[in-house]
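Visitor: I'd like to ask you about the structure that follows.
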Amino acid sequence: MRLLLVDDDQRITEILQEALTYQNYDVDIAIDGQEAWECVKTSDYDLLLLDVTLPKLDGIHLCHQIRSHSYQMPILMLTARDTAQDQIDGLDAGADDYVAKPYKLQELLARIRALLRRGNSSSSPVLQWENLDLDLNTTKATYSGHPVKLTPKEYRLLELFLRHGCCVLSRNEIMENLWSFDDPPEEDAVKALIKRLRQKLKGVGAVNDFIETVYGLGYRLKQNP
């Protein structure tokens with residue numbers, strides 16, 4: 036799942052990004068409200084982590100702007116301002132939850148999971164393709180009941196394929212979804228990542244070309260006739 040973390044405190048963003056990536060989330064960073072608004076308009080996010088005190092456009096006004104344009108992703112406000120009125124202002128602007136700093140990391144992760152479950156309440160939290168299951172709540176993958184141990188990047192690639200079914204994903208589409216502008220992939224990184232994922236799936240019983248190459252176009256999940 037893809038999250039947008041909006042905070043101008045570099046130390047906080049580095050700590051949170053590392054913790055969230057370890058939990059298999061794909062995390063983009065914005066350091067001010069205007070940059071965050073541009074991210075929201077150009078990318079699809081499953082959840083926003085939004086600080087209240089931001090340069091250019093503060094979190095309360097950004098939250099209101101997001102909701103006024105009918106974006107429905109869950110928004111979790113993060114702030115050192117913890118008075119009752121601050122919380123009311125955040126919730127009235129359209130936030131779904133409010134966490135005051137300093138917070139316990141495990142509590143924050145639990146609140147994120149709860150909001151993501153709520154956001155996916157209309158659909159199954161498990162993505163499936165033949166004998167492969169990917170549980171979005173636990174971030175665990177299984178094939179015919181056998182666990183598939185994945186790195187965060189492998190997990191996000193598998194989730195991307197499962198969300199697109201038999202659609203072909205180009206190399207550029209994969210790079211745009213799995214790497215940020217600040218962390219561009221090395222040459223042949225997509226090819227190497229797909230090779231590793233194929234090997235892990237084959238190790239639990241999947242066919243060798245479970246992810247098949249569509250020459251000249253990209254990759255997709257193989258559909259049995």
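Numbering (my numbering), first residue to last: 36 to 260.
We put the beta carbon where it would ideally sit given N, CA and C, even for glycine.
In this text, all values refer to a predicted model and were calculated from it rather than measured experimentally.
Between which two residues does the beta strand (DSSP E) carrying Leu84 extend?
Guide: Locating residue 84 in the sequence shown gives position 49, counting from the first residue. Unbroken beta strand (DSSP E) run through Leu84: 82 to 86.
Visitor: Just how far apart, CA to CA, sit Tyr190 and Pro90?
Guide: Counting from one through the sequence shown, the residue named residue 190 turns up at place 155. Counting from one through the sequence shown, the residue named residue 90 turns up at place 55. Roughly 34 Å between the two C-alpha positions.
Visitor: By how many angstroms is the C-alpha of Leu213 removed from the C-alpha of Arg152?
Guide: For the purposes of this step, residue 152 is identified with residue 117 of the sequence shown, where counting begins at 1. For the purposes of this step, residue 213 is identified with residue 178 of the sequence shown, where counting begins at 1. So the alpha carbons of these two residues sit roughly 22 Å apart.
Visitor: When you compare only the Cα positions, how much space is there between Leu55 and Gly238?
Guide: Taking the sequence shown and counting its residues from 1, one reaches residue 55 at position 20. Taking the sequence shown and counting its residues from 1, one reaches residue 238 at position 203. Between Leu55 and Gly238, the C-alpha separation is close to 27 Å.
Visitor: Report the rounded CA-to-CA distance for Leu83 versus Asp131, giving the unit in angstroms.
Guide: Numbered from its first residue, the sequence shown carries residue 83 at position 48. Numbered from its first residue, the sequence shown carries residue 131 at position 96. Computed Cα separation, rounded: 10 Å.
Visitor: Buried or exposed: Leu252, going by 16 or more other Cβ atoms within 10 Å of its Cβ?
Guide: The count along the sequence shown starts at 1 and reaches residue 252 at position 217. Looking at its Cβ environment, which holds fewer than 16 other Cβ atoms inside 10 Å, Leu252 is exposed.
Visitor: Taking the straight line between their C-alpha atoms, what separation do you get for Leu39 and Thr174?
Guide: Along the sequence shown, one-based indexing puts residue 39 at 4. Along the sequence shown, one-based indexing puts residue 174 at 139. Near 18 Å, if we compare the C-alpha coordinates of Thr174 and Leu39.
Visitor: Use the C-beta contact count for Ala241: other C-beta atoms within 10 angstroms, 16 or more gives buried, fewer gives exposed.
Guide: One-based indexing of the sequence shown puts residue 241 at position 206. So Ala241 counts as buried.
Visitor: Please name the residue in Gln100, Val249, Cys202 whose C-alpha comes closest to that of Met108.
Guide: In the sequence shown, counting from the first residue as 1, residue 108 sits at position 73. Considering only alpha carbons, the answer is Gln100.
Visitor: Closer than 8 Å by C-beta to Leu232: which residues in its own chain qualify, once you throw out the five before and the five after it? Chain order, please.
Guide: What you label residue 232 is simply residue 197 of the sequence shown in a count that begins at 1. These residues qualify, in order along the chain: Leu185, Glu189, Leu192, Leu193, Ile246.
Visitor: Where does Thr56 fall in DSSP's three states?
Guide: Working through the sequence shown from its first residue, we reach residue 56 at position 21. Three-state DSSP puts Thr56 in a helix.
Visitor: Can you list, in chain order, the residues of its chain whose CB lies under 6 Å from that of Asp61, leaving out five sequence neighbours each side?
Guide: Start at 1 with the first residue of the sequence shown, and residue 61 comes out as number 26. Once the five neighbours on either side are set aside, the close Cβ partners of Asp61 are Arg37, Arg191.
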